[in-house]
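A short worksheet on the structure shown next.
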């Protein structure tokens, strides 16, 4: 069986040339090819990861924006509420102040009126007294115009006086 | 996952061995039968007849010249080393197709070089063979197969170095184009789905060898399918070439073998001592059997492909012989023969890839088994 008998020459050339080709290809072909493929794969992976990260970032930013918007809205609502409260407080305070002022003015007016009234009454009393005295004087002067009448009065007065 | 992969591999092995080899053997039988018939017929008629068996065997065997057509052949260098005579180099044209002895050597009827006693340029049939010198001669001639190997290597170097340049030149980092685009998927497929999948995390060290192995076998198989120069040589279907490749795989496997690998061969963990007596010899045998089968599978498949393709062609001339049906017979058979040959060529195109793939896959699996770390003790 010539067919299945290895030949020295062919084995020799095959071994030598195949080993040389393995080493040459390893250095000049497989090395660069495989390292480039690896580089490309890592760069694709990196790009995909970066894209994923960017997507996440965008999503985060969107969420953040929404958060910010919500916060702003809340703040606006709060400010409005605060303003309303302040307004109410101011109005109420003003009202209260006005009330007290009015009360105070009314009471002082009342006091003044009272005082005036009292003064008027006192003056009236004094004038009434003066007028009464004048009237009484005039009356007395007329009654005591005659001597008889004077004597009767004196007698009358004396009658009242009790001698102790 | 590991189990299913092994199952697939064994199925492939089974198919490639048990299906293909009988076809080779059967073909060989047919050839031998026709050979004896031819010889008998030739004897009876006393004239030279077509000997299909001889023709096919000559075609698939190695030779010292590259036959082109008719009587035209490229003579190849003969290089013989002998301890006594030293290195002898001359063109194989000096043999004049075996009719002449030159510088103490001649071609025998099998096309092999043998040493003769006479050192002068003379008729080969008158020279006397020197048995001792023939046994001590090392024929390292650049034969047809060696030239074919060199052609393959030239193609390999040209293709892959230019592809490699495409990765490092100004197109670096850009999308692949042209040849690079054609080769890259194959490289990536081999790296990811064959080498990495079979060897595991330590695969990188073995990628250069396995990729070279794959492309070398594949290109050689394809060149073998081309019937004219520079193709047609039966390189991967030659046992010497298959032997070298299988031995390289065996050496790499054995050198890479870790403690776990040797332990599985000499003392399979979890197996009782009594069974080990039986199992260890089988495992040791298996260690050598695996590359042996690798060699036989590649050799037998490719050689069988060449034999079948040639047989279909020979059918035309067998039927065309005067003693059978004459020229009409040859013409009648030729369409059928052509259909068969085209079909076989298609099949061989697949086989060319498949055998390169299987050889590389199995080499990877063997290396993978050698470098695998111990982690599956519950499987035993």
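Chains as they are written, first to last, in our numbering: chain A, 58 to 221; chain B, 51 to 430.
No residue lacks a Cβ here, since even glycine has one placed at the ideal position from N, Cα and C.
Anyone know if the C-beta pair for residue i and residue j falls short of 8 Å?
i: residue 356/B; j: residue 110/B; result: yes
i: residue 90/A; j: residue 214/B; result: yes
i: residue 257/B; j: residue 87/A; result: yes
i: residue 148/B; j: residue 166/B; result: no
i: residue 206/B; j: residue 265/B; result: yes
i: residue 252/B; j: residue 421/B; result: yes
i: residue 143/B; j: residue 125/B; result: yes
i: residue 132/B; j: residue 191/B; result: no
i: residue 352/B; j: residue 274/B; result: yes
i: residue 342/B; j: residue 296/B; result: yes
i: residue 329/B; j: residue 68/A; result: no
i: residue 271/B; j: residue 359/B; result: no
i: residue 286/B; j: residue 301/B; result: no
i: residue 408/B; j: residue 340/B; result: no
i: residue 93/A; j: residue 218/B; result: yes
i: residue 156/B; j: residue 123/B; result: no
i: residue 233/B; j: residue 209/B; result: yes
Terminal residues of the continuous alpha helix (DSSP H) containing residue i?
i: residue 124/B; result: Here residue 124/B belongs to no alpha helix (DSSP H); instead the beta strand (DSSP E) covers 122-125.
i: residue 175/B; result: Note, residue 175/B: premise wrong, no alpha helix (DSSP H); not H, not E.
i: residue 159/A; result: 88-200
i: residue 385/B; result: 376-421
i: residue 107/B; result: 102-110
i: residue 215/A; result: 204-217
i: residue 36/B; result: Because chain B is modelled from 51 through 430, residue 36/B falls outside the range shown and cannot be assessed.
i: residue 228/B; result: 228-239
i: residue 81/A; result: 65-82
Could one say the Cβ of residue i lies closer than 8 Å to chain A's Cβ atoms, at least one of them?
i: residue 81/B; result: Since pLDDT at residue 81/B reaches only 39, below the 50 mark, its modelled position is unreliable, and the value read off the structure follows with that caveat. Taking Cβ atoms only, chain A never reaches closer than 8 Å to residue 81/B, which makes this a no.
i: residue 290/B; result: yes
i: residue 191/B; result: yes
i: residue 76/B; result: Residue placement at residue 76/B cannot be trusted, given a pLDDT of 37 that sits under 50; what the coordinates show is reported in the next sentence. No, no contact with chain A.
i: residue 280/B; result: no
i: residue 417/B; result: no
i: residue 86/B; result: Note that residue 86/B scores a pLDDT of 44, beneath 50, so its modelled location is shaky; the value from the coordinates is reported in the next line. Closer than 8 Å: no.
i: residue 262/B; result: yes
i: residue 89/B; result: In this prediction, residue 89/B scores a pLDDT of 46, lower than 50, which makes its location untrustworthy; the coordinate-derived value is nonetheless stated afterwards. By this cut-off, residue 89/B is not an interface position.
i: residue 178/B; result: no
i: residue 294/B; result: yes
i: residue 424/B; result: no
i: residue 217/B; result: yes
i: residue 311/B; result: no
i: residue 258/B; result: yes
i: residue 188/B; result: yes
i: residue 25/B; result: Shown here, chain B extends from 51 to 430; a query on residue 25/B therefore has no answer.
i: residue 244/B; result: no
i: residue 213/B; result: yes
i: residue 196/B; result: yes
i: residue 199/B; result: yes
i: residue 72/B; result: For residue 72/B, the predicted model reports a pLDDT of 37, less than 50, meaning its position is unreliable and no value from the coordinates is stated.
Using the DSSP secondary-structure output, state which residues sit across from residue i in a beta bridge.
i: residue 137/B; result: 131/B
i: residue 198/B; result: The partner list for residue 198/B (beta bridge, DSSP) is empty, contrary to what the question assumes.
i: residue 189/B; result: 130/B
i: residue 18/B; result: Lying outside 51 to 430, the shown extent of chain B, residue 18/B is not represented and no answer is given.
i: residue 152/B; result: 155/B
Beta strand (DSSP E) containing residue i: first to last residue?
i: residue 155/B; result: 155-157
i: residue 115/B; result: 115-119
Chain B beta carbons: is any one of them nearer than 8 Å to that of residue i?
i: residue 102/A; result: no
i: residue 72/A; result: yes
i: residue 86/A; result: yes
i: residue 105/A; result: no
i: residue 64/A; result: yes
i: residue 133/A; result: no
i: residue 113/A; result: no
Practice task
Please go through the segment 278-364 of chain B and give each complete alpha helix (DSSP H) segment of 4 or more residues, from N-terminal end onward.
Solution key: If one requires a minimum length of 4 residues, the alpha helix (DSSP H) runs lying completely within the segment 278-364 of chain B are 289-306 and 309-316, in chain order.
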